[in-house]
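Undergrad: Residue numbering for the sequence shown follows this note's numbering, beginning at 11 and increasing consecutively.
The structure under discussion is supplied below as structure tokens; questions concerning it will follow.
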Amino acid sequence: MNDELYRQQIEGLDYQHFLVLYWTMVAEDKREGYNITNVFDDLKLSGVTRTKQSAVSYVETLKYLQFIELREQRNRKSLYLTEHGAKALMRLGEKFDILKSNYLETVK
Numbered sequence: 011m012n013d014e015l016y017r018q019q020i021e022g023l024d025y026q027h028f029l030v031l032y033w034t035m036v037a038e039d040k041r042e043g044y045n046i047t048n049v050f051d052d053l054k055l056s057g058v059t060r061t062k063q064s065a066v067s068y069v070e071t072l073k074y075l076q077f078i079e080l081r082e083q084r085n086r087k088s089l090y091l092t093e094h095g096a097k098a099l100m101r102l103g104e105k106f107d108i109l110k111s112n113y114l115e116t117v118k
């Protein structure tokens, strides 16, 4: 991947994108499915967005940039971090503060 293009893609991401990437990583660490409904609920409870349409757009953006993958899992599409997404998360982690996922805090 072109380094300059990759840098520009990461710089174009917002706090909401960072949170989705971060929560996806946490879900994978816990071996827990994390889907668009969970994203919406967490963003809404955090006061970051009010609409599911916004949550879907954040997920779709990350998918098209190939920072996450969506896989069918129990009739839902779960999010998974790609190698490029993990690198983006490391860069964005220097720029944004972490918020805990309400959903992931309630699962073991």
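Positions of the beta carbon are idealized from the N, C-alpha and C atoms, including for glycine.
Would you identify the three-state DSSP class for L15, choosing helix, strand or coil?
TA: Note: L15 maps to helix in three-state DSSP.
Undergrad: Less than 8 Å between the beta carbons of E44 and F106, yes or no?
TA: Going by the sequence as given, residue 44 is Tyr instead of Glu. Cβ distance not < 8 Å, so Y44 and F106 don't count as in contact.
Undergrad: Assuming contact is defined by CB atoms lying nearer than 8 Å, are L102 and L31 in contact in what I supplied?
TA: Closer than 8 Å, so yes.
Undergrad: Quick one: is G95 buried, meaning 16 or more other Cβ sit within 10 Å of its Cβ, or exposed?
TA: With 16 or more other Cβ atoms within 10 Å, it is buried.
Undergrad: Contact between the stretch 83 to 100 and the stretch 33 to 41 is defined here as three or more beta-carbon pairs at a separation below 8 Å; is this criterion met?
TA: These segments touch.
Undergrad: Considering only DSSP beta bridges, list what I20 is partnered with.
TA: Note: I20 sits in no beta bridge, so no partner.
Undergrad: Leaving out five residues on either side along the sequence, give the residues of the same chain with a beta carbon under 6 Å from the beta carbon of V112.
TA: For clarity, residue 112 is Asn in the given sequence; the question names Val instead. Cβ within range, chain order: D52 and L55.
Undergrad: Going by CA-CA distance only, name the one from F77, F50 and I46 that's closest to Q83.
TA: That would be I46, whose Cα lies nearest to the Cα of Q83.
Undergrad: According to DSSP, what are the bridge partners of I46?
TA: Looking at the DSSP assignment, I46 forms no beta bridge with any residue, so it has no partner.
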